[in-house]
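S.K.:
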Amino acid sequence: MLKGFTSYRFEFVAREGNATAHAMAFEGMKHSEDSFWVEDASLKFLELADLDRRFHQP
1 MLKGFTSYRF EFVAREGNAT AHAMAFEGMK HSEDSFWVED ASLKFLELAD
51 LDRRFHQP
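Using UniProt numbering, read the sequence shown as starting at 1 and increasing by one per residue.
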């Protein structure tokens, strides 16, 4: 996967700062079939992403 990039950086993100990914994965595990967002994410995930951004800002 990384072969196409000229540089890359990995950084640890604590669970508290990654609530959006956790909530999305948890929601996805509830369903037995694939689902896709075509345009906007649900308001719940947008609000969690906003909180995650605040957690990462110095």
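Even glycine gets a Cβ: it sits at the ideal position worked out from N, Cα and C.
Going by other Cβ atoms of all chains shown within 10 Å of its Cβ, with 16 needed for buried, is THR6 buried or exposed?
M.R.: exposed
S.K.: Does the Cβ-Cβ distance between LEU48 and ALA19 come in under 8 Å?
M.R.: yes
S.K.: Which residues bound the alpha helix (DSSP H) around PHE26?
M.R.: 19-29
S.K.: What's the gap between the Cα of ASP40 and the Cα of LYS3?
M.R.: Straight-line Cα distance between these residues: approximately 31 Å.
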